[in-house]
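Worksheet: the structure to be examined is printed underneath.
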Amino acid sequence: MDNEQLRQLLGNLHDQSLSVDEALKQLRDLPFKDLGFAKIDHHRALRKGYPEVIFCQSKTPEQVVRIAEAQIEHGETIYGTRAGSEVLGAVEKAIADVEIDRLGRCFWKKSPHWKPREKVRGEIVVCAAGTADMNVSLEAQHTVEILGHPCTALNDVGVAGIHRLFAHREVLEKASVIIAIAGMEGALPSVIAGYVSCPVIGVPTSVGYGAHLGGMVPLFAMLNSCSAGLTVVNIDNGFGAACGAVAINDCRGT
13 MDNEQLRQLL GNLHDQSLSV DEALKQLRDL PFKDLGFAKI DHHRALRKGY
63 PEVIFCQSKT PEQVVRIAEA QIEHGETIYG TRAGSEVLGA VEKAIADVEI
113 DRLGRCFWKK SPHWKPREKV RGEIVVCAAG TADMNVSLEA QHTVEILGHP
163 CTALNDVGVA GIHRLFAHRE VLEKASVIIA IAGMEGALPS VIAGYVSCPV
213 IGVPTSVGYG AHLGGMVPLF AMLNSCSAGL TVVNIDNGFG AACGAVAIND
263 CRGT
């Protein structure tokens with residue numbers, strides 16, 4: 013339940029189009045609902061502006077489905093990340109009209125109350141260095157979009173062919189925030205951060221050969237960047253980068 017839904021509920025209670033018992037029924041699971049194995053934070057939309065996201069990794073398909081169903085019952089948008097094939101199959105079978113991206117390992121279903129953010133600074137651009145980084149870039153892209161912000165994706169624009177990046181010069185220059193995703197040596201975020209004036213968030217990925225150390229090499233490269241102002245999140249954390257980008261792009265309180 014977000015602020016608008018709560019305001020509507022209280023208004024209906026005030027004008028007596030909603031009974032006290034019905035209002036209590038709708039509010040009974042605030043601030044959370046205890047499923048035994050999980051406590052669903054229904055209060056999060058009031059605090060953060062978007063409902064709790066389901067991190068599916070290490071959860072059983074049955075647990076993910078029960079959490080998603082409880083959120084739908086509460087009128088919330090559902091969004092799951094790091095979902096394997098078994099989880100995606102179970103969700104697709106159990107929830108009507110759910111949308112799925114198997115490469116991005118995500119699923120979502122927007123509530124009837126979902127709408128784009130009205131006050132944003134501009135467009136968030138997600139840049140993936142290589143096609144092999146697209147599972148992370150799709151996670152970032154879907155997160156930005158589900159949270160209601162405009163997003164453009166630029167794929168396969170890594171430094172091995174830097175002209176591919178600068179073919180999108182106008183898009184980069186107009187961006188309000190850029191998420192730059194790279195494996196291997198992790199150079200792309202430094203290049204972009206040295207070129208644009210907007211905030212850049214670097215995401216190292218686990219894509220690379222042996223001495224790449226599962227993403228540690230691009231992580232260290234980004235953390236030691238000489239491009240001032242580059243912010244870096246954890247390895248493969250497209251979701252975290254997107255949440256940071258949305259917080260920067262949001263105009264609430266301004």
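Per this note's numbering, the sequence shown starts with residue 13, numbered consecutively.
The beta carbon of each residue, even a glycine, is placed where N, CA and C say it ideally should be.
All figures in this text were calculated on a predicted structure; none of them were measured in a lab.
Beta carbon of residue i nearer than 7 Å to that of residue j
i: Ala194; j: Cys210; result: no
i: Gly226; j: Thr217; result: no
i: Gly92; j: Ile66; result: yes
i: Arg117; j: Ala95; result: yes
i: Val99; j: Pro73; result: yes
i: Thr164; j: Val189; result: no
i: Asp145; j: Val219; result: yes
i: His161; j: Val76; result: no
i: Leu159; j: Cys139; result: no
Whole-angstrom distance between residue j and residue i, CA atom to CA atom
i: Arg59; j: Gly256; result: 16 Å
i: Glu34; j: His26; result: 13 Å
i: Ser237; j: Ser202; result: 6 Å
i: Lys131; j: Asp262; result: 7 Å
i: Arg181; j: Ala172; result: 17 Å
i: Pro230; j: Ser29; result: 58 Å
i: Glu197; j: Glu135; result: 27 Å
i: Glu185; j: Trp126; result: 29 Å
i: Leu177; j: Leu115; result: 23 Å
i: Gly142; j: Gln153; result: 15 Å
i: Ala6; j: His175; result: It is not possible to answer for residue 6, since the shown part of the chain is limited to 13 through 266.
i: Val169; j: Phe232; result: 21 Å
i: Arg7; j: Val32; result: Outside the displayed span of the chain (13 to 266) sits residue 7, for which this structure offers no information.
i: Gly101; j: Gly23; result: 40 Å
Chain-order list of residues whose beta-carbon lies under 7 Å from that of residue i (same chain, five-residue window excluded)
i: Gly252; result: Val245 and Asn246
Sequence-distant residues of the same chain with beta carbon closer than 6 Å to residue i, five excluded per side
i: Leu235; result: Val244
i: Thr266; result: Legend: pLDDT at Thr266 = 49, less than 50; position of this residue unreliable, no value from coordinates given.
i: Gly214; result: Ala192, Pro201, Met234, Leu242 and Val244
i: Asp53; result: Phe44 and Glu64
i: Ala199; result: Val171
i: Ile260; result: Val189 and Pro211
Closest residue to residue i among the options (Cα-Cα distance)
i: Asn249; options: Leu177, Leu150, Ala102 and Ala240; result: Leu150
i: Ala205; options: Ile191, Met196 and Ala179; result: Ile191
i: Tyr62; options: Val103, Ala141 and Thr89; result: Thr89
i: Trp120; options: Ile52, Glu104, Ala50 and Pro162; result: Glu104
i: Gly48; options: Arg19, Ala82 and Leu22; result: Ala82
i: Asp113; options: Asn24, Val32, Thr155 and Pro124; result: Thr155
i: Ile84; options: Ser97, Ile107 and Phe232; result: Ile107
i: Arg264; options: Arg133, Ser97, Tyr221 and Arg19; result: Arg133
i: Ala254; options: Val148, Ala179, Ala240 and Gly23; result: Val148
i: Lys71; options: Ser97, Arg56, His55 and Ala57; result: Ser97
i: Leu57; options: Ala50, Ser123 and Gln69; result: Sequence inspection shows Ala at residue 57; the Leu mentioned does not correspond to that position. Residue Ser123 is the option with its Cα nearest to Ala57.
Beta-carbon contacts of residue i that lie in its chain and below 8 Å, excluding the five residues immediately before and after
i: Val208; result: Leu184, Glu185, Ala187 and Ile190
Start-end ranges of the beta strand (DSSP E) lying completely within the stretch 90-123, minimum 3 residues | 90-93, 111-113 and 118-121
Residue ranges of each beta strand (DSSP E) within the stretch 212-240, 3 or longer | 212-216
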